[in-house]
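K.L.:
Numbering (the numbering used here), first residue to last: 34 to 186.
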């Protein structure tokens, strides 16, 4: 992947794979739902039977770039993720995990919400990546806010 980022307009970054997916320019992405603001697609390396990513079409670097003005955006991202889970037959919304990896624990520098279900079936070798309230993974509350609880330990 190139390190020289060129903006294409509409807050899109040329070498960002998630920007390309959001603009329907990646034929390999398995897009499940989209609207004028968000796109949801299957994770290419799923950690659970249902593992999806919800990204804003606007290029936002990471969850560390979020501020109070983004609360509604995060809420809509969570709502889309849950809607996709329901579309896929998931009915137990208590056995799901929604969250963001924090830098430096991200592989794509574009805000993306991980949507996993059932969370009780996250693969053993991937559980460490999705441990709630750790330095690497911040869960999303019902209100659409990132958790601000300090990691234990």
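Virtual Cβ for every residue (Gly too), placed ideally from N, Cα, C.
Here the structure is a predicted model, which means the values were calculated and not measured.
Taking the alpha carbon of residue 145 as the point to measure from, which residue in 124, 70 and 58 has its own alpha carbon closest?
P.N.:
Its Cα nearest to that of residue 145, the residue 70 stands out among 124, 70 and 58.
K.L.:
Between the alpha carbons of residue 166 and residue 61, how many angstroms are there, rounded?
P.N.:
Straight-line spacing of the CA atoms in residue 166 and residue 61 works out to 32 Å.
K.L.:
What first and last residue would you give for the beta strand (DSSP E) that runs through residue 90?
P.N.:
No beta strand (DSSP E) holds residue 90; DSSP gives it neither H nor E.
K.L.:
Once DSSP output is grouped into helix, strand and coil, what is the label at residue 171?
P.N.:
Three-state DSSP puts residue 171 in a strand.
K.L.:
Could you give the DSSP three-state label for residue 150: helix, strand or coil?
P.N.:
strand
K.L.:
Got a sec, what are the start and stop residues for the alpha helix (DSSP H) residue 115 sits in?
P.N.:
For residue 115, the enclosing alpha helix (DSSP H) starts and ends at 104-120.
K.L.:
Considering only DSSP beta bridges, list what residue 71 is partnered with.
P.N.:
89
K.L.:
Does DSSP classify residue 65 as helix, strand or coil?
P.N.:
The answer is strand: DSSP assigns residue 65 an E or B state.
K.L.:
From residue 114 to residue 96, what does the alpha carbon distance come to, in whole angstroms?
P.N.:
16 Å
K.L.:
Flag this pair as yes or no: are the beta carbons of residue 149 and residue 117 separated by less than 7 Å?
P.N.:
Between residue 149 and residue 117, the C-beta gap is not smaller than 7 Å, which leaves the two residues out of contact.
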